[in-house]
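For the sequence shown, the positions run 44 to 546 when our numbering is used. Notes to accompany the following structure.
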Amino acid sequence: MHHMAETATAYDEVVYPSQPFPQAHPDRLATLGMLFGMSPAPPQQCTYLELGCGDGYHLAGLGFAFPESRFIGIDLSATAIQRGRQFVGELGLSNVELICGDVTTWKPPIERLDYIVAHGLFSWVPPPVQECVLDICSRHLAEQGIAYISYNTYPGGHIRQMLRDMMRMHTEHLQDPTQKIRQAKAMLQFLLAGQTQPNELTAFLKKEAEWILENANDSVLYHDDLADVNRFFYFREFAALASQHDLQYLAEADFHEMQDRIYPPSVVAILQQLNANVILKEQYLDFLKCRRFRQTLLCRAEIPLVRDIDPAIVERFYISSPARCESEVDCGPDVIAAFTGPRGAAMRIDHPLTKAALVELGLRWPYRLSFGEMIENAAGRLNASQVDPDDLQIVQQVILAGYSAGLIELNLVTPTWVETPGERPCISRLVRAQLRHGYKVITTLRHQPLKIDDPLESQIMQQIDGTQDQEQLAHLADGKVPDVEQFLANFLRRAAHSALLTG
Numbered sequence: 044m045h046h047m048a049e050t051a052t053a054y055d056e057v058v059y060p061s062q063p064f065p066q067a068h069p070d071r072l073a074t075l076g077m078l079f080g081m082s083p084a085p086p087q088q089c090t091y092l093e094l095g096c097g098d099g100y101h102l103a104g105l106g107f108a109f110p111e112s113r114f115i116g117i118d119l120s121a122t123a124i125q126r127g128r129q130f131v132g133e134l135g136l137s138n139v140e141l142i143c144g145d146v147t148t149w150k151p152p153i154e155r156l157d158y159i160v161a162h163g164l165f166s167w168v169p170p171p172v173q174e175c176v177l178d179i180c181s182r183h184l185a186e187q188g189i190a191y192i193s194y195n196t197y198p199g200g201h202i203r204q205m206l207r208d209m210m211r212m213h214t215e216h217l218q219d220p221t222q223k224i225r226q227a228k229a230m231l232q233f234l235l236a237g238q239t240q241p242n243e244l245t246a247f248l249k250k251e252a253e254w255i256l257e258n259a260n261d262s263v264l265y266h267d268d269l270a271d272v273n274r275f276f277y278f279r280e281f282a283a284l285a286s287q288h289d290l291q292y293l294a295e296a297d298f299h300e301m302q303d304r305i306y307p308p309s310v311v312a313i314l315q316q317l318n319a320n321v322i323l324k325e326q327y328l329d330f331l332k333c334r335r336f337r338q339t340l341l342c343r344a345e346i347p348l349v350r351d352i353d354p355a356i357v358e359r360f361y362i363s364s365p366a367r368c369e370s371e372v373d374c375g376p377d378v379i380a381a382f383t384g385p386r387g388a389a390m391r392i393d394h395p396l397t398k399a400a401l402v403e404l405g406l407r408w409p410y411r412l413s414f415g416e417m418i419e420n421a422a423g424r425l426n427a428s429q430v431d432p433d434d435l436q437i438v439q440q441v442i443l444a445g446y447s448a449g450l451i452e453l454n455l456v457t458p459t460w461v462e463t464p465g466e467r468p469c470i471s472r473l474v475r476a477q478l479r480h481g482y483k484v485i486t487t488l489r490h491q492p493l494k495i496d497d498p499l500e501s502q503i504m505q506q507i508d509g510t511q512d513q514e515q516l517a518h519l520a521d522g523k524v525p526d527v528e529q530f531l532a533n534f535l536r537r538a539a540h541s542a543l544l545t546g
């Protein structure tokens, strides 16, 4: 297709930034599937396809983590695929296959796939290619398979679309990507400079223009906002398209985005009248949030889903939480402790065992505990030799509520990192290879992106390979920092907290 060839050229000319996508991790997808009554393939032994994989950076991290699973990626950009193959080859990942090709004419080498992912693709290709993406999901998803598709949405997309139209009109006469990017930014700066008498409408534009200038790097601006195709959907439209391919809505990759508890009681009452129609409820949630982007999970239409989640299911997962309490937690009865986490997530709890459990999780973050280990540690904190079944049920309910609020994480995969640096610390081999290749965003052992800006840190990380003790490692920073021992201790502590250490 002519358009697809043009797209390939654009991505060959301007490299799209490489990073892992934790929201598309098979552990995340399997967890959500299991919560809603599915029996997804375990991440450790699965088949996983990424459409529009770029240089396969996301897949390389997964292939490294799960050697017994098979990962396939396809992308039009020959230079991206070549770059990815070189990196995958250096790591010796025989379970990762990167293909340069067009999804409209390509047939997956595996008939049934456990996970199919299209991140940052669907909104940026024309309708025939969108249909093809959904057709691949429909034809090739395993019976208990899960697809992940991200896309731009209305109503929030209307704000971004206004700026996109202005930038595209201003740069339509330019061919050179560098000039296009420079002039697109100049257009945004022109808009900001002209906000001398702002009103309610221009305030929207001002905030959006400031966000783009501060957060979007050049290649993202070029490929996302200046692209020929950038289609926005109302969620109901997307769900209807999926339904035409015998696919049904499963969940959002961020479970907390599906919840209605943050709204006033009068709003919650109206939303809960829509519980029987999950598509309509999700659409109205988008209206409330002025939502502009979704990361949607789909499964086969014939799979019976359980929308009423039993809190007892949390016992099947590993649990972790960054929740913190401003003051020291009193784990006694009838004393409320306020726990807070990312994005303003918060919970007020007065139940002793639950408070003790959250304290344990917070102290061990980002490490994951089994439900049993968490309860054992919490009971020990309370000096309790036995745990009442009623107390266990309350903990289960709060853990599920915390997950719904984005304060707690649930996972199926055992942690592979260590909590404290050992005698001979070792940074993940994947991370060391990424830094050697000049990547600025590395993949932690939680499959989270982490930006490394400091050249000294990058240089030292590449040499922490488990062969040197901490005294030998200290010499790497000799003459480069005022207090070498303090620098190394802080550095290793941060590396452990970021899930980078394997020993």
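Note that CB positions come from ideal geometry on N, CA and C, so glycine has one too.
Residues near residue i by beta carbon distance below 6 Å, same chain, minus five either side
| i | result |
| --- | --- |
| GLN491 | PRO65 |
| ILE507 | PRO468 and ILE470 |
| GLY104 | PRO63, THR486 and HIS490 |
| LEU323 | LEU317 |
| TYR197 | PHE275 and TYR277 |
| VAL484 | GLN62, PRO492 and LYS494 |
Status (buried if at least 16 other CB within 10 Å, exposed otherwise) for residue i
| i | result |
| --- | --- |
| PRO63 | buried |
| LEU331 | exposed |
| ASN258 | exposed |
| HIS45 | Legend: pLDDT at HIS45 = 39, less than 50; position of this residue unreliable, no value from coordinates given. |
| GLY481 | exposed |
| TRP460 | buried |
| GLY127 | buried |
| PRO171 | exposed |
| ILE305 | exposed |
| LEU235 | exposed |
| ILE379 | exposed |
| GLY97 | buried |
| PRO110 | exposed |
| GLU325 | buried |
| PRO69 | buried |
C-beta atoms of residue i and residue j nearer than 8 Å
| i | j | result |
| --- | --- | --- |
| PRO86 | GLN187 | no |
| LEU328 | LEU293 | no |
| ARG424 | ALA448 | no |
| GLY99 | LEU141 | yes |
| CYS143 | ASP178 | no |
| ASP157 | THR90 | yes |
| ARG285 | HIS162 | The amino acid occupying residue 285 in the given sequence is Ala; Arg does not appear at that position. Taking 8 Å as the Cβ cut-off, ALA285 and HIS162 do not qualify as a contacting pair. |
| CYS374 | ILE189 | no |
Beta strand (DSSP E) segment containing residue i, residue limits
| i | result |
| --- | --- |
| ARG489 | Looking at the DSSP string, ARG489 is not in any beta strand (DSSP E), and its letter there is neither H nor E. |
| ALA103 | Premise fails: ALA103 lies in the alpha helix (DSSP H), 100-108, not in any beta strand (DSSP E). |
| ALA22 | Residue 22 lies beyond the stretch modelled for the chain, which goes from 44 to 546, so this question has no answer here. |
| ASP434 | Segment 432-448 is the alpha helix (DSSP H) holding ASP434; no beta strand (DSSP E) there. |
Cβ neighbours of residue i in the same chain (closer than 7 Å, five flanking residues each side left out)
| i | result |
| --- | --- |
| TRP167 | ALA270, VAL272 and ASN273 |
| ILE224 | ASP261, LEU264 and TYR265 |
| GLY199 | CYS333, ARG334 and ARG335 |
| MET205 | LEU248 |
Alpha-carbon to alpha-carbon, residue j and residue i
| i | j | result |
| --- | --- | --- |
| TYR191 | ALA296 | 8 Å |
| MET47 | GLY116 | In this predicted model, MET47 has a pLDDT of only 49, less than 50, meaning its place in the structure is not dependable; the value taken from the coordinates is given anyway. Near 17 Å, if we compare the C-alpha coordinates of GLY116 and MET47. |
| GLU49 | TYR59 | No answer about GLU49 holds up, because its pLDDT of 49 lies below 50 and its placement is not dependable. |
| ALA520 | ILE503 | 8 Å |
| LYS250 | ALA421 | 45 Å |
| PRO347 | GLY80 | 8 Å |
| TYR194 | ALA283 | 14 Å |
| GLY76 | ASP208 | 38 Å |
| HIS518 | ALA532 | 13 Å |
| VAL474 | ALA542 | 11 Å |
| GLN439 | ARG386 | 23 Å |
| ILE255 | MET417 | 42 Å |
| PRO241 | GLN232 | 15 Å |
| VAL349 | ASP219 | 52 Å |
| ARG479 | GLU462 | 25 Å |
| ILE437 | ASP377 | 15 Å |
| GLY415 | GLU358 | 8 Å |
| ALA427 | ILE442 | 20 Å |
Unbroken alpha helix (DSSP H) run spanning residue i, endpoints
| i | result |
| --- | --- |
| ASP178 | 170-183 |
| LEU284 | 278-287 |
| THR74 | 69-78 |
| ARG207 | 200-214 |
| ARG343 | Here ARG343 belongs to no alpha helix (DSSP H); instead the beta strand (DSSP E) covers 336-343. |
Own chain partners of residue i with C-beta closer than 8 Å, once the 5 adjacent residues on each side are dropped
| i | result |
| --- | --- |
| SER363 | LEU404, ARG407, TRP408, PRO409, TYR410, ARG411, LEU412, ILE451, GLU452 and ASN454 |
| ARG367 | PHE382, THR383, GLY384 and GLY405 |
| THR510 | ARG467 |
| PRO464 | GLN513, LEU535, ARG536, ALA538, ALA539 and LEU544 |
Closer than 8 Å to chain C by CB, residue i
| i | result |
| --- | --- |
| PHE130 | Protein chain content of the structure displayed is limited to a single chain, and chain C is not contained in it. |
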